[in-house]
Amino acid sequence: MRRTLVPCGLAVALLAPLGHAHAMPEASARAETAPLLPAPHPTPERPVVAQSATMAAHGDMASFTVGDLVIESPWARESVTRTGAAYLKVRNGGDAADRLVGVASEVADRAALHASVVQDGVMRMRPVDAVEVPAGGEAVLEPGGLHVMLIGLKAPLEEGDSFALTLVFEDAGEVEVVTTIEDIAHGGAGTGHDHEHDH
Amino acid sequence: MRKRTARTAWLVAGGIALGLLAIGATSYVMRLDQERGTASVPIGGRFELVDQDGRVVTERDFAGRLMLVYFGYTFCPDVCPMSLQTMSVALEQLGDDAKEVAFLFVTLDPERDTVAQMKAYVGLFEPGPVGLTGTAEQVAAAARAWRVYYRLHDDGKDEDYLVDHSSFVYLMDREGRYLAHFGHAATPEQLVEEIRDALG
Numbered sequence: 006m007r008r009t010l011v012p013c014g015l016a017v018a019l020l021a022p023l024g025h026a027h028a029m030p031e032a033s034a035r036a037e038t039a040p041l042l043p044a045p046h047p048t049p050e051r052p053v054v055a056q057s058a059t060m061a062a063h064g065d066m067a068s069f070t071v072g073d074l075v076i077e078s079p080w081a082r083e084s085v086t087r088t089g090a091a092y093l094k095v096r097n098g099g100d101a102a103d104r105l106v107g108v109a110s111e112v113a114d115r116a117a118l119h120a121s122v123v124q125d126g127v128m129r130m131r132p133v134d135a136v137e138v139p140a141g142g143e144a145v146l147e148p149g150g151l152h153v154m155l156i157g158l159k160a161p162l163e164e165g166d167s168f169a170l171t172l173v174f175e176d177a178g179e180v181e182v183v184t185t186i187e188d189i190a191h192g193g194a195g196t197g198h199d200h201e202h203d204h
Numbered sequence: 010m011r012k013r014t015a016r017t018a019w020l021v022a023g024g025i026a027l028g029l030l031a032i033g034a035t036s037y038v039m040r041l042d043q044e045r046g047t048a049s050v051p052i053g054g055r056f057e058l059v060d061q062d063g064r065v066v067t068e069r070d071f072a073g074r075l076m077l078v079y080f081g082y083t084f085c086p087d088v089c090p091m092s093l094q095t096m097s098v099a100l101e102q103l104g105d106d107a108k109e110v111a112f113l114f115v116t117l118d119p120e121r122d123t124v125a126q127m128k129a130y131v132g133l134f135e136p137g138p139v140g141l142t143g144t145a146e147q148v149a150a151a152a153r154a155w156r157v158y159y160r161l162h163d164d165g166k167d168e169d170y171l172v173d174h175s176s177f178v179y180l181m182d183r184e185g186r187y188l189a190h191f192g193h194a195a196t197p198e199q200l201v202e203e204i205r206d207a208l209g
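Chains A and B, in that order, are what the protein sequence lines are. Counting from 6, one number per residue, gives the positions in the first sequence under the working numbering. Counting from 10, one number per residue, gives the positions in the second sequence under the working numbering.
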C-alpha cells in the first residue's frame, strides 16, 4: 500500500502541470462562445422612446426604434477594400427576447453577421446565424467581437459619409438604420472608447 | 513501522507541494505567452518583401531601429485595423522616441494585397506602417520566420475569402532579434512600456 502511494503521489504531482496546461486557455474558450450569448443588463431607467424608426440625434447618439428595440449608434469603419465592418448596440425594452437574424445593405454585394474569435492567438472570423437580444437586455456588436460584415463593397466607405443598413429581427421585424462611416481609428485604442469586457 | 509511515507521508506531501508549484509556474509562463513575453522558439529573421511604393525591402533596411511588426491582411475588417490602431497609438505616445521604432505591417494575402492596395490601406493610419507584400513565396518565408500561422480560405470561387491567422504584435530589437510579443487585446500602454525598456 505504502509503496504504491508514494510513486502515485509523485506521478500526480508531476503530471498535474500538464493537465493544467492543457486546460489553460479558459479565457479563449470563453471568447469562442461568449459573443453569442451576451450577459443581460438591467433595463435602463429612462423613458420609453417613440415607436418609430426615426433618427433621434446626430453622430454617436443616433438611435432607431422598432417594436421594443432601440438600435444605437450604428457605425462602420472607413474602408479601401471590398470588406467593411459595421457595429451597433441593440437594447430590448420589452418582456420578450428577440433575435437579430439578418442584415442587408445596398453598399455591398452581401452583408452577414460575423464574430471575430481569437483562440490561442489565432484569429478567425466566423458567420453567426443570429444574435440574441434578451428581454430587458442588450446585444452589442463592437470591434473584436460581433459585427456586421459587409462583403463586396461597391465603393470605398469614406469617413463622414453614411449609408442605410437593414436589420431583420425575428419578432420586431425590419428596420433601416443610418450607419455613419468613421475613420479607421474609431472604436480602437486611444479614441476614448473603452471596452468593459475582456476579450 | 511508524517511522516509515511518517517518511512516506512527507514524501507524498513534498510531491504534492512540488506539483502545486509546477502548476503555478506553468500558469505564469502561459499567461505571459498569451499576453506578452518570451517565446520558446526563435522568432523573426531575414526577409525580402516589397513595400507600398514597390521598393524591395529586407530586414537590413530596419537595422538600428526596433521593429514593431504585425501580420494580417487588408480585407480583414475587424481585428487587423484594431491591432494596427493600437500600434499606431503606441507610437504616438512614444513621442520623439517613435523614430527609433519601425512600424511594419506584413500581409499574409499578397494576391489581393497588391502594392497599390497596401498603399491605400496604410495611408488610413496616422502614424501608419510600412506595408509589406511580395510573392506568395516571399510572404510565406516571412511568416515562417515569425512562426505565423495563417490559412487562406481561398477556394477559387469567392474573391472575398477570409484568412485565419495568428494575431500577435512582435517587438524586435535593433538587430532584428525577437524581444517580445503581444496578444490582440494588448493596450498601447503595454507596448510603450516594453518599447521604452528596449530603448533603455
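Glycine included, each C-beta is placed from N, C-alpha and C at the ideal position. The model shown is predicted, which means the values in this text are computed figures rather than measured ones.
What in chain A is Cβ-close to residue i, meaning under 7 Å?
i, result
"aspartate 169 of chain B", "Arg87, Thr88, Ile156 and Gly157"
"valine 98 of chain B", "Ala194 and Gly195"
"alanine 129 of chain B", "Val85"
"threonine 83 of chain B", "Thr86"
Within the same chain, show all residues whose beta-carbon is closer than 7 Å to that of residue i, passing over the 5 residues directly before and after it, in chain order.
i, result
"lysine 159 of chain A", "Val112 and Ala113"
"alanine 28 of chain A", "Because the pLDDT of alanine 28 of chain A is 42, which lies under 50, any placement of that residue in the model is unreliable, and the question is left without a value."
"glycine 107 of chain A", "Val173"
"glutamate 109 of chain B", "Arg74, Leu75 and Leu208"
"isoleucine 189 of chain A", "Arg82 and Glu83"
"glycine 157 of chain A", "Arg87, Ala113, Asp114 and Arg115"
If you follow the beta strand (DSSP E) that residue i is part of, which residue opens it and which one closes it?
i, result
"threonine 67 of chain B", "65 to 67"
"glutamine 94 of chain B", "Where glutamine 94 of chain B is concerned, there is no enclosing beta strand (DSSP E), although the alpha helix (DSSP H) it sits in stretches over 88 to 103."
"lysine 94 of chain A", "88 to 97"
"isoleucine 205 of chain A", "The structure shown does not extend to residue 205 of chain A, since chain A is modelled only from 6 to 204, so the question has no answer here."
"proline 132 of chain A", "127 to 132"
"proline 79 of chain A", "74 to 82"
"arginine 115 of chain A", "113 to 124"
"valine 59 of chain B", "57 to 59"
"arginine 121 of chain B", "From DSSP, arginine 121 of chain B is part of no beta strand (DSSP E); its letter is neither H nor E."
"tyrosine 211 of chain B", "Nothing can be reported for residue 211 of chain B: it is not among the residues displayed for chain B, which extend from 10 to 209."
Note down, in chain order, every chain A residue with its Cβ under 8 Å from the Cβ of residue i.
i, result
"proline 197 of chain B", "Ala194 and Gly195"
"leucine 133 of chain B", "Glu83, Val85, Asp188 and Ile189"
"phenylalanine 177 of chain B", "Gly126"
Report all residues from its chain with a CB closer than 6 Å to the CB of residue i; omit the five preceding and five following residues, and keep chain order.
i, result
"glycine 137 of chain B", "Val131"
"tyrosine 170 of chain B", "His162 and Asp163"
"arginine 160 of chain B", "Asp173"
"histidine 46 of chain A", "For histidine 46 of chain A, the predicted model reports a pLDDT of 44, less than 50, meaning its position is unreliable and no value from the coordinates is stated."
Which bits of chain B does residue i rub up against, with CB to CB less than 8 Å?
i, result
"serine 84 of chain A", "Pro86"
"serine 121 of chain A", "Asp87 and Val88"
Can residue i and residue j be called in contact, C-beta distance under 8 Å?
i, j, result
"serine 175 of chain B", "glycine 149 of chain A", "no"
"alanine 21 of chain B", "methionine 128 of chain A", "The question names alanine, but residue 21 of chain B is valine in the sequence shown. Taking 8 Å as the Cβ cut-off, valine 21 of chain B and methionine 128 of chain A do not qualify as a contacting pair."
"leucine 93 of chain B", "phenylalanine 71 of chain B", "no"
"alanine 81 of chain A", "threonine 184 of chain A", "yes"
"arginine 87 of chain A", "phenylalanine 84 of chain B", "yes"
"methionine 154 of chain A", "proline 90 of chain B", "no"
"valine 95 of chain A", "leucine 74 of chain A", "yes"
"leucine 58 of chain B", "threonine 142 of chain B", "yes"
"alanine 140 of chain A", "alanine 101 of chain A", "yes"
For residue i, collect the residues of the same chain with a Cβ closer than 8 Å to its Cβ; drop the 5 residues on either side in sequence, then sort them by chain order.
i, result
"alanine 154 of chain B", "Ile52, Gly53, Gly54, Arg55 and Phe56"
"alanine 26 of chain A", "Because the pLDDT at alanine 26 of chain A is just 43, under 50, the model does not fix this residue reliably, and the value given afterwards should be weighed accordingly. Counting only Cβ-Cβ distances below 8 Å, and skipping sequence neighbours, we find nothing."
"glutamate 179 of chain A", "Val71, Thr171, Leu172 and Val173"
"glutamate 203 of chain B", "Arg45, Leu180, Leu188, Ala189 and Phe191"
"glycine 165 of chain A", "Ile186"
"leucine 200 of chain B", "Leu77, Thr95, Met96, Ala99, Val178, Leu180 and Phe191"
"aspartate 167 of chain B", "none"
"valine 50 of chain B", "Arg156"
"lysine 128 of chain B", "Gln61, Asp62 and Gly140"
Counting along the chain, where does the alpha helix (DSSP H) carrying residue i start and finish?
i, result
"proline 197 of chain B", "197 to 208"
"glutamine 126 of chain B", "124 to 131"
"alanine 154 of chain B", "145 to 154"
Mind listing the chain B neighbours of residue i? Cutoff is C-beta to C-beta under 7 Å, in chain order.
i, result
"valine 133 of chain A", "Residues of chain B passing the Cβ test: none, with the nearest at roughly 13 Å."
"alanine 148 of chain A", "As written in the sequence, residue 148 of chain A is proline, which differs from the alanine given in the question. Ordered by position in chain B, the residues that pass the 7 Å Cβ test against proline 148 of chain A are Asp87 and Met91."
"alanine 190 of chain A", "Gln94"
"serine 78 of chain A", "The contacting residues do not exist; serine 78 of chain A stays about 17 Å from chain B at best."
What residues from chain B crowd round residue i, counting only those whose CB sits closer than 9 Å?
i, result
"valine 112 of chain A", "Chain B residues near valine 112 of chain A: none, gap ~13 Å exceeds 9 Å."
Residue i versus chain A: which residues are under 9 Å apart at the beta carbon?
i, result
"aspartate 173 of chain B", "Val127, Met128, Arg129 and Met130"
"tyrosine 158 of chain B", "Gly126 and Val127"
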